[in-house]
Every structure is written in C-alpha cells, then in structure tokens.
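Enquirer:
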Amino acid sequence: MSDIALATPLEKEAPVTRRQPVTQESRATRVTLITLCLAVLVLLVLAPLGIIFVEATRRGAASALQSLTRPEAVSAIRLTLTVAAITVPLNAGFGIAAAWAITKFDFRGKAVLITLIDLPFSISPVVVGLSLVLLFGANTALGGWLVSMGYPIVFALPAIVLASVFVTFPFVARELIPVMVEQGRAEEEAALTLGASGWRCFLTVTLPNIKWALLYGVLLCNARAMGEFGAVAVVSGKIRGQTATMPIAIEMLYNEYLSVAAFSLAGVLALLALVTLALKSALEWRHADQLAATRRH
Amino acid sequence: MLIEIDRIAKSFGTTTALDPVSVTIPSGALVALLGPSGSGKTTLLRILGGLEYPTGGRVLFDGQDAGKLSVQERRAGFVFQSYALFRHMTVHENIAYGLRARPRRTRPTRAEIDRRVTGLLDLIQLPEIGARYPGQLSGGQRQRVALARALAIEPRMLLLDEPFGALDARVRKELRQGLREIHDRTGLTTVFVTHDQEEAMELADLVVVMSMGRIEQVGRPQDIRQRPASEFVREFTAA
Amino acid sequence: MRALVAKSPMPGFGLGMGITITMLSLVVLLPIGALVLHGLNFGLANNWQVVGTERVMASLFLSFRLALLAALFNLVFGVILAWVLARYEFPGRRVVDAIVDLPFALPTAVAGIALTALYAPNGLFGAFVRDWLAPLGNFLLSPLGVEFSGRIAYTQWGILIALVFVGLPFVVRTVQPVIAEIEREVEEASATLGASRAHTLRRVILPMLMPAALTGFALSLARAVGEYGSVIFIAGNIPMRTEIAPLLIVIRLEEFNYDAASAIGIAMLLVSFALLLVINLIQIWSRRRVGDV
Numbered sequence: 071m072s073d074i075a076l077a078t079p080l081e082k083e084a085p086v087t088r089r090q091p092v093t094q095e096s097r098a099t100r101v102t103l104i105t106l107c108l109a110v111l112v113l114l115v116l117a118p119l120g121i122i123f124v125e126a127t128r129r130g131a132a133s134a135l136q137s138l139t140r141p142e143a144v145s146a147i148r149l150t151l152t153v154a155a156i157t158v159p160l161n162a163g164f165g166i167a168a169a170w171a172i173t174k175f176d177f178r179g180k181a182v183l184i185t186l187i188d189l190p191f192s193i194s195p196v197v198v199g200l201s202l203v204l205l206f207g208a209n210t211a212l213g214g215w216l217v218s219m220g221y222p223i224v225f226a227l228p229a230i231v232l233a234s235v236f237v238t239f240p241f242v243a244r245e246l247i248p249v250m251v252e253q254g255r256a257e258e259e260a261a262l263t264l265g266a267s268g269w270r271c272f273l274t275v276t277l278p279n280i281k282w283a284l285l286y287g288v289l290l291c292n293a294r295a296m297g298e299f300g301a302v303a304v305v306s307g308k309i310r311g312q313t314a315t316m317p318i319a320i321e322m323l324y325n326e327y328l329s330v331a332a333f334s335l336a337g338v339l340a341l342l343a344l345v346t347l348a349l350k351s352a353l354e355w356r357h358a359d360q361l362a363a364t365r366r367h
Numbered sequence: 204m205l206i207e208i209d210r211i212a213k214s215f216g217t218t219t220a221l222d223p224v225s226v227t228i229p230s231g232a233l234v235a236l237l238g239p240s241g242s243g244k245t246t247l248l249r250i251l252g253g254l255e256y257p258t259g260g261r262v263l264f265d266g267q268d269a270g271k272l273s274v275q276e277r278r279a280g281f282v283f284q285s286y287a288l289f290r291h292m293t294v295h296e297n298i299a300y301g302l303r304a305r306p307r308r309t310r311p312t313r314a315e316i317d318r319r320v321t322g323l324l325d326l327i328q329l330p331e332i333g334a335r336y337p338g339q340l341s342g343g344q345r346q347r348v349a350l351a352r353a354l355a356i357e358p359r360m361l362l363l364d365e366p367f368g369a370l371d372a373r374v375r376k377e378l379r380q381g382l383r384e385i386h387d388r389t390g391l392t393t394v395f396v397t398h399d400q401e402e403a404m405e406l407a408d409l410v411v412v413m414s415m416g417r418i419e420q421v422g423r424p425q426d427i428r429q430r431p432a433s434e435f436v437r438e439f440t441a442a
Numbered sequence: 006m007r008a009l010v011a012k013s014p015m016p017g018f019g020l021g022m023g024i025t026i027t028m029l030s031l032v033v034l035l036p037i038g039a040l041v042l043h044g045l046n047f048g049l050a051n052n053w054q055v056v057g058t059e060r061v062m063a064s065l066f067l068s069f070r071l072a073l074l075a076a077l078f079n080l081v082f083g084v085i086l087a088w089v090l091a092r093y094e095f096p097g098r099r100v101v102d103a104i105v106d107l108p109f110a111l112p113t114a115v116a117g118i119a120l121t122a123l124y125a126p127n128g129l130f131g132a133f134v135r136d137w138l139a140p141l142g143n144f145l146l147s148p149l150g151v152e153f154s155g156r157i158a159y160t161q162w163g164i165l166i167a168l169v170f171v172g173l174p175f176v177v178r179t180v181q182p183v184i185a186e187i188e189r190e191v192e193e194a195s196a197t198l199g200a201s202r203a204h205t206l207r208r209v210i211l212p213m214l215m216p217a218a219l220t221g222f223a224l225s226l227a228r229a230v231g232e233y234g235s236v237i238f239i240a241g242n243i244p245m246r247t248e249i250a251p252l253l254i255v256i257r258l259e260e261f262n263y264d265a266a267s268a269i270g271i272a273m274l275l276v277s278f279a280l281l282l283v284i285n286l287i288q289i290w291s292r293r294r295v296g297d298v
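Chains as they are written, first to last, in our numbering: chain A, 71 to 367; chain B, 204 to 442; chain C, 6 to 298.
1. So what does DSSP say about B:V274, is it helix, strand or coil?
2. Based on the DSSP output, what are the partners of A:S194 in its beta bridges?
3. Across which residues does DSSP place B:A279 in a beta bridge pair?
4. Once you ignore the five residues that flank B:G216 on each side, which residues in its own chain have a CB closer than 8 Å to its CB?
5. Only counting the same chain, and skipping five residues up and downstream in sequence, which positions put a Cβ closer than 7 Å to that of C:F170?
6. Does C:V191 come within less than 9 Å of chain B when only Cβ atoms are used?
7. Does the Cβ-Cβ distance between B:T218 and B:A212 come in under 9 Å?
8. List the residues that DSSP assigns as beta-bridge partners of B:K213.
9. Tell me which same chain residues have a C-beta within less than 6 Å of the C-beta of C:I271, skipping the five on either side of it?
10. Tell me whether B:A232 sits in a helix, a strand or coil according to DSSP, three-state version.
11. What's the C-alpha gap between A:L189 and C:L281?
12. Could you compute how far the alpha carbon of C:R178 sits from the alpha carbon of A:F225?
13. With a threshold of 16 other CB atoms inside 10 Å of the CB of C:P251, please say whether the residue is buried or exposed.
14. Find the residues of chain B that neighbour A:V92, judging by a C-beta separation of less than 9 Å, and give them in chain order.
15. To the nearest angstrom, how far is the alpha carbon of A:V144 from that of C:N46?
16. Which bits of chain F does C:R202 rub up against, with CB to CB less than 7 Å?
17. Would you report the Cα separation of C:Y263 and A:A295, rounded to the nearest angstrom?
18. Assign B:V436 to one of two classes, buried (16 or more other C-beta atoms within 10 Å of its C-beta) or exposed (fewer than that).
19. When you compare the CB positions of A:A266 and C:I24, do they come within less than 9 Å of one another, or not?
20. Can you tell me whether DSSP reads B:S414 as helix, strand or coil?
21. Which residue from A:A208, A:T238, A:A352, A:M250 puts its Cα closest to that of A:V153?
22. Can you list, in chain order, the residues of its chain whose CB lies under 8 Å from that of C:V10, leaving out five sequence neighbours each side?
23. Could you check what DSSP says for B:G343 in three-state terms: helix, strand or coil?
24. Span of the alpha helix (DSSP H) holding C:T205?
25. Taking 6 Å as the limit between beta carbons, can you name the residues of its chain near A:I156, skipping five residues before and five after?
26. Using three-state DSSP, classify B:G260 as helix, strand or coil.
27. On the criterion of 16 or more Cβ atoms from any shown chain inside 10 Å, does A:T102 qualify as buried, or is it exposed?
28. What does a CB cutoff of less than 8 Å around B:L340 pick up in its chain, not counting 5 residues either side in sequence?
29. Whole angstroms are fine: how far does the CA of B:L247 sit from the CA of B:G260?
30. If the cut is a Cβ gap below 9 Å, which residues of chain A does C:F47 touch?
31. Taking the Cβ atom as the reference point for each residue, do A:T315 and A:A146 lie within a distance shorter than 9 Å?
32. What did DSSP end up calling C:E259 once you bin it into helix, strand or coil?
33. Which partner residues does C:G163 have in the DSSP bridge list?
34. Short of 9 Å Cβ to Cβ, which residues in the segment 192 to 207 of chain A face chain C?
35. Can you list, in chain order, the residues of the segment 158 to 184 of chain C whose Cβ is nearer than 7 Å to any Cβ on chain B?
36. Would you kindly work out how many angstroms separate the C-alpha atoms of C:A91 and C:E186, rounded to a whole number?
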C-alpha cells in the first residue's frame, strides 16, 4: 500500500534529498575532526607503541628473546611479579573494605576520607619515594632501628612494595565506590532480614554484584603496579639483579646503550599493557551496565 | 499561517512511521494530533518543525513548499516534551537565546531583547524568575519557560510535543487554560501532540486522530464524539 | 549535632573502617607525615632558601609551565576526541576508543624510551622534523627572524610531548560520559530557535561539557606536574633548561642531601594540594550551578 503511494508522480515534483540530521555536523567537519584525531593518536600513541617492537627486534626476534633470558632480565621479571603479587591483593582488600564502609554507612567526614583515598593520584611518584626514604631510610630513627633488627626497608623489597601500594592505592576503591553507590543497600538489607550473617551477605550478595568492577580495578592496579617507575626508582637503590624491577632494569639497560635488551623488556611490559587494554575493553563492552557508573570522575 | 500536509510519508528503515498522510491546518487554528504511542503523531510534528525529513510528500506553509527550509529558517516555535531547557543558562538567557543567536544584521539590540524577555515573562505570568536556573523551577514553571522561549523568536507557528505530559493533574488543567489564552492572544497556528483524548477535546478547535501512521479522522471535537469515523476512533475517544 | 556514625543494621562497619584507616595511615599518611615533619624540622627559612635558588626555581617553573601547556593541549584535543568517539561512527572506532587509554596502561619508563627513540634527531619523526619540517618552517618564517633548531628530543619540545602523552586520556574520559548524557532535544531546541550548528556547539554544548573538561584538565595538569618516568629519557636534563623538578629531587637524594630533597618535595606537595583543591572547587561549583534537572 505504501509502496504504491511512494511511487506517485509527486516524487518527481519534490525530490527527496538525503539530508543530515539537525543534530549532526556537516560531513566535511566530521571527516576533518576524525582525521585530526587519528593523526594525533598515531603520532603520539600508536607510533611509540610500534617503535618499541621495531627497536626490540632490530637484530632479529631471536636476539630479542635471547636478551630476555639474561639473568638480570629474569630477576627483574621475577621481582616485578612478586611486587604485583603482594600489591594487588593488598589494594583489592583495602578497596573492598573502604568501599563497604563508605557506601553502606553514613558517617561524618566521608568526603574528607574519599579525598584522602584519592590523594595518591595527585602526588608525584618521586615525592612518594622521597617520603618513604625520609620515613624508613637507614639514617632515620625508625629506619635505623629496623636495619639494626635485620629488616632493611629502603633499597629492599619492602620499600618497593610500599611505593607500589601507595601509587596504586585508589585504583580498586575508585572503581567500586560508584558501582556500590548505584546498587544501593536494599539487596544486602533483604539478605539480612532473611537471616544471612554479615559474611554470608557479603559473599553471596555484594561480591557477585561488584565482581566485574572489582576485576576492572584489579586490572588497572596491576598494570600500574608492574609499571611504576618514579616512586620505585627512588627507593629501590637499583641494585642489579636484586632490587631492579622491570622498569628500573629498562632504564639501566637503556643508559648502558643495550638498546635491544632495553626495548625487549619494554616490549614485555607493552604487551602486558595491550592485554590489560583488551581485557578492560572486553569488560566495558560486556558488562557496561555494571561499570557505567565508574566512568565518571 | 496555513499549513498543508500533502501526502507526507516517513519510514525508518523498514518500519513505516507515516503512511502518506494529508491534512490541512487552517490559519490560526489550535489543532491536536491525538493518538496512542506509535501512531506517528510526534513524527508528523517533527516533520513540520524541520527536525525530521519526510521520505515522501511535501509540506506547504501558506502555499510555499517548506521542503527547502532548514529548521533554523522555519521559525517554528517548538516546545519539547522534556522542555529541553538549557540548564546552564538562566531563565532570562534561555528566553533570549533565539534572539541572540540571530546574525548581527537582524539581531535586536540588547535593550530590545531585555524588553521582549520581560514581556514574555509577564505573558507566562512568571515575572520574577528571570535570574533563576531551570533546575530551580517546578515542572509547570519549566513548561511555561519553554513556551516563552519558543515565542521569543516570533514564530510563524507553535508546535508542542505532549506539552502537559510530565505534569500532575492539577497543574495540567491550569496550564491548558494558559495555552488557550496564549493562543488566542497571539493568533498563532498551533499544533500540539497528545495521547489524552480529554485534553484534545477540551482544548483544540480541530482534532486529528491518528493510529499506526495513518489519519483516522479529522474534525471538530463534537463531530468526532458524535460521528466517529471508525471503530478505532470510537474506542479511543470513549471517555 | 549529628551522630558521628548513623546507626545501621548493616554489619562490618568496624572491620571495613578499621582496614581503611589502618591502610590509609600506614601507606599514605605516615610517609607524607614524615616528609612534612622533615620539612618542619629543617625550618621554614631553610626550606625557602633551598626552593628559592635559581636552579630549583627554574626546575619548578619548567615543570609547571610545560605541564600547563600540555594540559591545555589535552583540554582542547580531549574535548574534540571525546566528541568524535561519542558521536561519530567510523570504522575502528572501538579500537581507537580502547587505544586512548594506552598512556594509562603503558609504564612511564617504556613510554619514555619509546618517545625518545621516535623523536631523537636520528629517530623516525626526529629526523623528519630536522630534515624537512624545520628547514621548511625556518624558510617560511625567516622574515620574522624566527629560527627553530629542528630538535625535539633533549629540548623542552620533547618534555612537552611526553607530558601530553601521559595526560592524554584524562579529559577524554571525564567528558565522554557527559556527552553521552546530553539530550538530543536540547540540541534540537537550539536549532528550532534559529541557531546554526556552530552556534549550538559553542553556546549550548561547550558550556555543558566545561565542568567535566576542567576537571579532566586539572587531573591532567596534576599528573604532568609530577611526572618523572616518561620525561627524564627525552628531556636531556640540562640544568636550568630541561631539568624538571622531580629529577632535581632524585639528584639531591643521590647526593644524600635529604634536606634539600624534602624542601623541593614539599614545594611540589603544595602544588599538588592546590590542584586538588581546585578540582574539588570546580566540582562543587558545577554541581551548584547546574544542579539536577
């Protein structure tokens, strides 16, 4: 019926022009802006990413892989994994505890607490390292005593972990708080009226609701923990094979003009970053509903 | 202004929103497009306003083809269902927006703009709220500000999409009367969309009953009540 | 007076709050406290004497000035990129959207050596700028007496590029959700009132994005002021010219001059706090102004 109507001679009198919706820019503007964005991203983001792998394989892929088996590379990888393995669970635990206290209860000073949790985002990593040196350095009261007891903090694993925990401190809490605010307290209250204990309520009601946001936060926390440079550089002492994490080892190799080795190790971290991004994007696409609130600062 | 809708069709992909529909809206009339959701009434209103492009047919304003007029050129005072007030502007700035957006040649002076905004605030009987932000207004006040903003551009017609949809029953009654008065004072050809048959019957000179992208009946309220053209119209307008 | 903690049937306040306060104190507040205490012991006058020296002032000024420029670039580009990602359909949009976060995910040291490799005089882009872009620019601008060395890495240009890189995602990620929330009807209303598309973008859309964009700007600025890892490789680190403040802290620490290091550190901490304050004020201001409609 409508087909016949559309075929009436009227069409020829008033040709229907394909016009853009009123809420859109002209095609030329759109193409220009898209081109501009892609150009800047290629120059600034994609090219640096690509050059890592180009430089790493400058003497062939075999040489790149070979350099990763050098003892200092192996120990750096091992140390970085160790640091992440301690840092991430600590901050995940803290993030859950903080989000629980902040979103399930009303208390005075909540805004101050949230600001304090966010504080590490705006402090220079070098200042973080400096603070740890001033607190735990061998020449301070506390640090001197700990060294005399046989527990050196600075220039050893504990300070590297502390520095990593500091710089990644807000990551998990930041992802969980908006999600838990959005979900409210009704489900937990229902579970409690049904006789569930506190832990049972948390494990069976809260945790399933926040699991994707938790994973999201853990991913970001892990990426930053493995890649932290400034804070760790100050407290690690850069002892080859002992306190050099992967980023520190990259700096040392680079300064010694061992370009292939430096870029190969950098390539491993770049791959980790890409995997992180892929997982993060997959989470965003699959579970957008549960993460929606988290993308607002 | 006389509005002639001549075999207007609209489809989104494979779904047909408007089978070719034709209707003539006499100059100065207050017309209701009445129908359930999905009947195509809002689509038709948006085509009149230039927000949507028909896939066939034409619209004539006083005998002239409106197809070549962009939204900006149509000067259709459009009131949105959500009012779509600019929340970062005061009421005064909202109402002055259309005048200030004009190219410098045709833009009124600042004093003239202020004078007109004050006049419009008086017209909607809210003379004191110019300095407030939309977030500080009640639903009924927002609706009237949206109406004043649409009137500020000296429109050739007034188009309203469910103008009372988001309001509670008491305010709705009050504002119906307000719209009637403003229509009578300005003499603007006015088209509003509603799914509320009582509202259409009480307020409009002419009611266009729509269903599933077609016009079921066009007539004065009492004609539609007394002589419904189809079973659908009879059921839909049964009070 | 309101109770310190509102009564609640929900369990676990003590445990959750206990963990939160303990971790916050041990990990964040104790070290920062040690820094502040060290500064207080050293004395205000002494701190000021360290910070007031030409080299320290130059480094602080450099860090802040370049961070500001980088954040300004990111403000403008970030709003454009957020708009393109939120509103335009083009092949690979999702991949581009994911790539925007790379500066968050890529370790700063890795970014640093990668940018240096690209923009060094013998690098891919560095060589292009030196051999083509700079001579061309100098030829065109020679009447003005402007001369560009054609070097990117090991100059302030290099630092700027590194700071733009690390701050890139902030504005995009704060502005994107705001764009998604804009009702189409608001833009349509502007058009029916006779405004051109450009007028709508400038007077309606941009003011709506501004609070979020400014928040992103401040975050990106805070990040850039304190940035270390991505900068030191590309900076050249020449005192008074390309030496950033965080690097000067590291140098003083390597000389075991803890007093001077802490003085510079406190100066940077104050800058951070000031920026944090600004971020909070922006948020309060925008919430009050726009409210909930």
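Virtual Cβ for every residue (Gly too), placed ideally from N, Cα, C.
Expert: Once the coordinates are examined:
1. helix
2. A:S194 is not bridged to any residue.
3. B:M360
4. None.
5. Excluding the 5 residues flanking it on each side, C:F170 has same chain C-beta neighbours closer than 7 Å at P108, A116, L120, S235, in chain order.
6. yes
7. no
8. B:L221
9. Excluding residues up to 5 positions away in sequence, G44 lie with their Cβ nearer than 6 Å to the Cβ of C:I271 in the same chain.
10. coil
11. 8 Å
12. 36 Å
13. buried
14. Those within 9 Å of A:V92 in chain B are G253, L254, E255, S273, V274, Q275.
15. 43 Å
16. Considering every chain present, this structure includes no chain F. Its protein chains are A, B and C.
17. 26 Å
18. buried
19. Not a contact, by the Cβ cut-off of 9 Å.
20. It is a strand residue.
21. A:T238
22. F18
23. helix
24. 202 to 205
25. V231
26. strand
27. exposed
28. V294, I332, V348
29. 12 Å
30. Here the premise fails: no neighbours, minimum Cβ distance about 11 Å.
31. yes
32. Reduced to three states, the DSSP call for C:E259 is helix.
33. In the DSSP output, where bridge partners are listed per residue, C:G163 has none listed.
34. S192, I193, S194, P195, V196, V197, V198, G199, L200, S201, L202, V203, L204, L205, F206, G207
35. none
36. C:A91 and C:E186: Cα-Cα distance of roughly 10 Å.
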